[in-house]
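Each residue of the sequence shown is one higher than the one before, starting from 1 at the first, in this note's numbering.
Notes for the one structure printed next.
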Amino acid sequence: MLQQTLNTTPALVPGERTDALALAEAYGQATAFAMEQDHPAWQSAANDVNAKDARMKAICGGG
């Protein structure tokens, strides 16, 4: 769903679309690991989401 929205949103240049899709993928990975919050894979996934979220905030002027 996000990819469809991004493909129809001309305000994002291709590199920003890539960053937004990477953030969505990171959220998906984090969700998959969320059942075991003490597991190293969860911690890694959460860190990945935070890094990609910071990138999108910088692009969108929110960070």
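The beta-carbon is built from N, C-alpha and C at its ideal position, and this holds for glycine as well.
All values derive from a computational prediction rather than experimental measurement.
7 angstroms or more divides the Cβ of Ala-32 from the Cβ of Lys-52. Sequence-distant partners of Asp-19 (beyond 5 residues in either direction) whose C-beta falls short of 8 angstroms from its own C-beta, in its chain, are Lys-52, Arg-55, Met-56, Ile-59. When the Cα atoms are used, Ala-46 and Asp-38 turn out to be separated by approximately 11 angstroms.
DSSP places Asp-19 inside the alpha helix (DSSP H), whose first and last residues are 14-33. A residue is called buried when at least 16 other Cβ atoms come within 10 angstroms of its Cβ; Val-49 meets this threshold and is buried.
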